[in-house]
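In what follows, a single structure is set out as structure tokens and then discussed.
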Amino acid sequence: MKSIYLFVFLLITAASQAQATFIYSGKITFERKIAQYTLMESMQSEEGMDASWTEELKKVYPKFVTDNYTLEFNVNQTHYKLEKENADNKYMIFGAKPSENDFIIHNFTNESTIARKSVFENEYFVKDSLPKFNWKITGELRDIAGFECKKAVAKICDSVVVVAFYTDQILVKGGPESFNGLPGMILGLAIPRLSETIYATKLELTNPEIPTPSQGKSKVVKRVQISADLKKGLEQWGKFGKVISWSNSF
């Protein structure tokens, strides 16, 4: 009888320890990096531009621009925003500079999104459904910020490949920017055509209160309105216009 009690005790202890490894709330810091020279060279090649123009830009602009973002989350919501504007950054691509006023809030209970997005001189207040992504999970693994992450791939804007790495140790189906829908938190993203990566650098165990923002003077729109405005305003910009549109689609 004692051996049965001991066996049951060990099972309960093991189950409690396993459950303790899962995380339901906290704050993640992400580093977003854009390889500007790589991006400019790829656009230059597609547009047939003179290479000397890019070489001149390299004398003024840095090879990389880096920004830190935070993602606060609980079991029902995520809140993603720029941590602080990096005054040292000099962006080659007009319109790529992030704004401290922007944010993205996902509500997984009612599958909705509230966001503020600055695009050139326009500021939008987005109220829409949760964006959907057609993820395909692969077998590749990677360690990010101390978590074992699994690889998944999707496409945005029909042809732009997004590579994500998620951990099922954090049981919230969110991630940086608007990306979501995997069986755990996305801790890493790579978008090769935009020469952009977003990777988690640390996790703090907190119990954040997700804010309820007001729209202020911003225009309330759906995401498709932003895409339509960009398409109309950038149709003469060639690959540069496409890059800006892709960057603002997530």
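If you're matching positions, the sequence shown starts at 97 in this note's numbering and goes up one per residue.
Each residue gets a CB set at the ideal place from its N, CA and C atoms; glycine is no exception.
Just so you know, these numbers come straight off a predicted model, no measurement behind them.
Residues that residue i bridges to, as DSSP identifies them
i	result
T166	T125, K177
G284	F261, Y295
A131	F160
K232	V249
A211	I200, V222
K315	Y220
E244	D239
E300	K123
I266	I119
V256	I252
Counted within 10 angstroms of its Cβ, other Cβ atoms place residue i as buried (16 or more) or exposed
i	result
G235	exposed
F118	exposed
P272	buried
S148	exposed
C245	buried
Q173	buried
N344	buried
N164	exposed
V258	buried
F169	buried
K98	Bear in mind that a pLDDT of 44 at K98, under 50, signals an unreliable position, so the number given afterwards is only what the model happens to contain. The residue in question, K98, is exposed, as its Cβ has fewer than 16 Cβ neighbours within 10 Å.
Rounded straight-line distance, which links the Cα of residue j to that of residue i
i	j	result
T205	G242	28 Å
F105	V161	Only weak support is given to the placement of F105: the predicted model assigns it a pLDDT of 36, under 50, and the value that follows is read from those uncertain coordinates. Their Cα atoms are separated by approximately 53 Å.
I233	L278	9 Å
W333	W231	30 Å
A54	S195	Absent from the structure is residue 54, since the part of the chain shown begins at 97 and ends at 346.
T302	M139	42 Å
L237	H202	26 Å
M136	T293	16 Å
E300	G122	6 Å
F221	I240	32 Å
K313	Y176	21 Å
F275	P304	20 Å
Whole-number beta carbon distance between residue j and residue i, since they are thought to touch under 8 Å
i	j	result
L226	S208	6 Å
I252	F336	Incorrect: roughly 18 Å between the Cβ atoms, too far for contact.
D224	R319	5 Å
G284	A260	7 Å
A296	T125	7 Å
Y133	K155	About 12 Å; that fails the 8 Å criterion.
At least 3 beta-carbon pairs within less than 8 Å: the stretch 260-276 vs the stretch 301-317: Short answer: they don't touch.
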